[in-house]
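Q: Have a look at this one before I ask anything.
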Amino acid sequence: MNVRTIIEDRELKALSRHAAFSSCSKGRNRPEELCRVRTVYQHDRDKILHSKSFRRLKHKTQVFLSPEGDHYRTRLTHTLEVAQIARTVARALALNEDLTEAIALGHDLGHTPFGHAGERVLNELMSQGFHHVRQSLRVVDMVEKSGAGLNLTWEVRDGIIKHSKGGGPLQADDPQAMPATLEGHLVRRCDMIAYVNHDLDDAQRAGVIALDQVPREILDLLGKTHGRRIDRMVRDMIDESLAAGGAHICQSAEVEAAILALRDWLYTHVYQARRVREEFDKASRILRELYQYFLADENALICFGGRRTPGDSLEISVGDFIAGMTDRFALNLYGKLFLPQSWKIL
């Protein structure tokens, strides 16, 4: 019995006509034998879940640098929250949950240690610049599995490369900048729903801000607790998308404006807060020195775990190595290379 074909047939009967059907995928860059029990999107989800890059997300900064408290988010917990929020909406809209989950799990694989501070350093140092979105696609295409890549489907790769909004709108003006599938659109929105809520929650926990500092009109509309805000945003997305016939992922104008206003408020009062910025300034110096050290010594790059990819410049290989580090690996390696070590008597 071929379980995969049974699932594919079930999708055709149960999912919305606007969903991305597993049996209609545009395929992979390299031909690959189909799994007998998993659809192509389920297979992609599992490839990402079992990758080294995914496991390293548990020790990469979300907002607060190498947090010692057990309840602060890391890049991994952020990814899991995005995946679960997105799956809830996908199920309600009868979209492909497996594709949604695969995109969500893979969307941040290219993030550097120390969050966006690390990204800014590499973007400054590398001649072709650096952005975590491009790096996420590079990780699944060329870095994972010792350079072989994960060989993901076109739809998952498209969702990964087009998930980021930066400081821009949820719906980009250029249609080419938006994902080709509704599942990709969904992850793009749920990424922001997750981080504006958990970053606000963590900032309160850290004492960086108090809830009463958040503009009252935002809290009155979205809610005064983490759970109420997510519920408001998710319900709004489901209701508005169903009202639009399920052909678009959308939210009401007032909720979307409040989400963007909360994002902008967090940027000023949390991400750029003095206490947060001072630690990231220190982290930036660490990554800058590590980058320059390995760029000047290719043998050291290989010795400490980096890899030279045929056809790539040394700076790209160093960029891959630095971007793939966890916070604690970067801190420990910096200490080993640049700080005096105690004498040991054998």
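UniProt numbering puts the first residue of the sequence shown at 1, with every later residue one more than the last.
Backbone N, C-alpha and C fix where the C-beta goes; we use that ideal spot for every residue, glycine too.
1. Using a Cβ distance threshold of 8 Å, determine whether the segment 124–139 contacts the segment 102–115, with at least three qualifying pairs required.
2. Thinking C-beta only, is Arg285 closer than 8 Å to Thr153?
3. Between Gly305 and the rest of its own chain, which residues show a CB-CB distance below 6 Å, the 5 nearest in sequence each way excluded?
4. Any idea what DSSP makes of Leu229, helix, strand or coil?
5. Evaluate Ser127 with the Cβ neighbour count: other Cβ atoms within 10 Å of its Cβ, from every protein chain shown; 16 or more gives buried, anything less gives exposed.
6. So, is Phe280 buried or exposed, given that buried needs 16 or more other C-beta atoms within 10 angstroms?
7. Is it true that the CB of Leu266 sits closer than 8 Å to the CB of Leu339?
8. Which one of Asp9, Asn96, Thr77 has the shortest CA to CA distance from Ser16?
9. Are the segment 46–65 and the segment 114–122 in contact at 8 Å, needing three or more beta carbon pairs?
10. Under the three-state reduction of DSSP, which class applies to Arg28: helix, strand or coil?
11. If you scan the segment 295–329 from start to end, which runs of the alpha helix (DSSP H) of 4 or more residues do you find wholly inside it?
12. Could you check how far apart the C-beta atoms of Ile103 and Val187 are, in whole angstroms? I think they sit under 8 Å.
13. Closer than 7 Å by C-beta to Asp320: which residues in its own chain qualify, once you throw out the five before and the five after it? Chain order, please.
14. Report all residues from its chain with a CB closer than 6 Å to the CB of Arg7; omit the five preceding and five following residues, and keep chain order.
15. Are the CB atoms of Arg73 and Asn151 within a distance shorter than 8 Å?
16. For Arg56, tell me which candidate among Thr79, Cys35, His43, His269 has the shortest Cα-Cα distance.
17. Cα-Cα, which of Leu260, Ala323, Asp9 is closest to Asp191?
18. Would you call Asn197 buried or exposed, if buried means 16 or more other Cβ atoms sit within 10 Å of its Cβ?
19. Could you pull the DSSP bridge partners for Thr153 from this structure?
20. As an exercise, report each continuous alpha helix (DSSP H) stretch of at least 4 residues that is fully enclosed by the segment 209–277, in chain order.
21. Under 6 Å Cβ to Cβ from Ser164, same chain only, skipping five residues before and after it: list those, please.
22. Classify Leu34: buried if its beta carbon has 16 or more other beta carbons within 10 angstroms, exposed otherwise.
23. Would you kindly work out how many angstroms separate the C-alpha atoms of Glu183 and Asp173, rounded to a whole number?
24. Once you ignore the five residues that flank Arg263 on each side, which residues in its own chain have a CB closer than 6 Å to its CB?
25. When you compare only the Cα positions, how much space is there between Leu49 and Ala296?
26. In the DSSP assignment, the alpha helix (DSSP H) including Ser136 goes from what residue to what residue?
27. What's the gap between the Cα of Phe294 and the Cα of Gly166?
28. With distances taken from CA atoms, which of Leu125, Phe21, Glu101 is nearest Leu314?
29. Which residues mark the beginning and the end of the alpha helix (DSSP H) in which Tyr195 is found?
30. Beta-carbon within less than 7 Å of Asp236's beta-carbon, same chain only, minus the 5 sequence neighbours each way: which residues are those?
31. Does DSSP classify Thr5 as helix, strand or coil?
A: Reading from the atomic positions:
1. The segment 124–139 vs the segment 102–115: in contact.
2. In the sequence shown, counting from the first residue as 1, residue 153 sits at position 153. In the sequence shown, counting from the first residue as 1, residue 285 sits at position 285. By the CB criterion at 8 Å, Thr153 and Arg285 fall outside the cutoff.
3. Here residue 305 corresponds to residue number 305 of the sequence shown, with the count starting at 1. Here the set comprises nothing.
4. Looking up residue 229 in the sequence shown gives position 229. Residue identity differs from the one stated: residue 229 is Arg in this sequence, not Leu. The answer is helix: DSSP assigns Arg229 an H, G or I state.
5. Here the question's residue 127 lines up with position 127 in the sequence shown. In the assembly as shown, Ser127 is an exposed residue. Its beta-carbon has fewer than 16 other beta-carbons within 10 Å.
6. Taking the first residue of the sequence shown as 1, we reach residue 280 at position 280. Counting Cβ neighbours within 10 Å, Phe280 comes out buried, since at least 16 surround it.
7. By 1-based counting over the sequence shown, the position of residue 339 is 339. By 1-based counting over the sequence shown, the position of residue 266 is 266. No; because the gap between Cβ atoms is not below 8 Å, this pair is not in contact.
8. As a first step, residue 16 is located in the sequence shown; it is residue number 16 there, counting from the start. That would be Asn96, whose Cα lies nearest to the Cα of Ser16.
9. Output reads yes: the segment 114–122 touches the segment 46–65.
10. Within the sequence shown, numbered from 1, the residue matching residue 28 stands at position 28. Assignment of Arg28 by DSSP, reduced to helix, strand and coil, places it in the strand class.
11. Within the segment 295–329, the complete alpha helix (DSSP H) runs of at least 4 residues are 298–303, 314–324.
12. Locating residue 103 in the sequence shown gives position 103, where the first residue counts as 1. Locating residue 187 in the sequence shown gives position 187, where the first residue counts as 1. About 5 Å separates the beta carbons of Ile103 and Val187, which is inside the 8 Å limit, making them a contact pair.
13. Mapped onto the sequence shown, residue 320 falls at position 320. Excluding positions up to five away in sequence, the list reads Val143.
14. Indexing the sequence shown from 1 puts residue 7 at position 7. This sequence places Ile at residue 7; Arg is not what is there. Only residues of its own chain outside the window of five on either side were considered, and among them Thr39 have a CB closer than 6 Å to the CB of Ile7, listed in chain order.
15. The residue labelled residue 151 in the question sits at position 151 within the sequence shown. The residue labelled residue 73 in the question sits at position 73 within the sequence shown. Against a cut-off of 8 Å, the Cβ pair of Arg73 and Asn151 comes out as no contact.
16. Residue numbering aside, residue 56 sits at position 56 when the sequence shown is read from its first letter. For the residues Thr79, Cys35, His43, His269, the minimum Cα distance to Arg56 belongs to Thr79.
17. Residue mapping note: residue 191 aligns to position 191 of the sequence shown, counting from 1. Of Leu260, Ala323, Asp9, the residue nearest in Cα terms is Leu260.
18. Taking the sequence shown and counting its residues from 1, one reaches residue 197 at position 197. So Asn197 counts as buried.
19. By 1-based counting over the sequence shown, the position of residue 153 is 153. Its beta-bridge partners are Arg28.
20. Those alpha helix (DSSP H) runs which fall completely within the segment 209–277 and span 4+ residues are 216–222, 226–243, 253–266.
21. Locating residue 164 in the sequence shown gives position 164, counting from the first residue. Close CB contacts of Ser164 within its chain, under the 6 Å cut and outside five residues either way in sequence, are with Val133 (chain order).
22. One-based indexing of the sequence shown puts residue 34 at position 34. Around the beta-carbon of Leu34, fewer than 16 other beta-carbon atoms lie within 10 Å, marking it exposed.
23. Taking the sequence shown and counting its residues from 1, one reaches residue 183 at position 183. Taking the sequence shown and counting its residues from 1, one reaches residue 173 at position 173. So the two alpha carbons sit approximately 19 Å from each other.
24. Along the sequence shown, one-based indexing puts residue 263 at 263. Val196, listed in sequence order.
25. Working through the sequence shown from its first residue, we reach residue 49 at position 49. Working through the sequence shown from its first residue, we reach residue 296 at position 296. In this structure, the CA atom of Leu49 is about 34 Å from the CA atom of Ala296.
26. The residue given as residue 136 occupies position 136 in the sequence shown. Per DSSP, Ser136 belongs to the alpha helix (DSSP H) from 132–138.
27. The residue given as residue 294 occupies position 294 in the sequence shown. The residue given as residue 166 occupies position 166 in the sequence shown. Roughly 29 Å between the two C-alpha positions.
28. The sequence position of residue 314 within the sequence shown is 314, counting from 1. Here the closest residue by C-alpha is Leu125.
29. Residue 195 sits at position 195 when you count from the first residue of the sequence shown. First-last of the alpha helix (DSSP H) with Tyr195: 182–205.
30. The residue labelled residue 236 in the question sits at position 236 within the sequence shown. If we look at Asp236 and ignore the five residues flanking it on each side, its Cβ neighbours are Gln251, Ser252, Val255.
31. For the purposes of this step, residue 5 is taken as residue 5 along the sequence shown, with counting starting at 1. It is helical.
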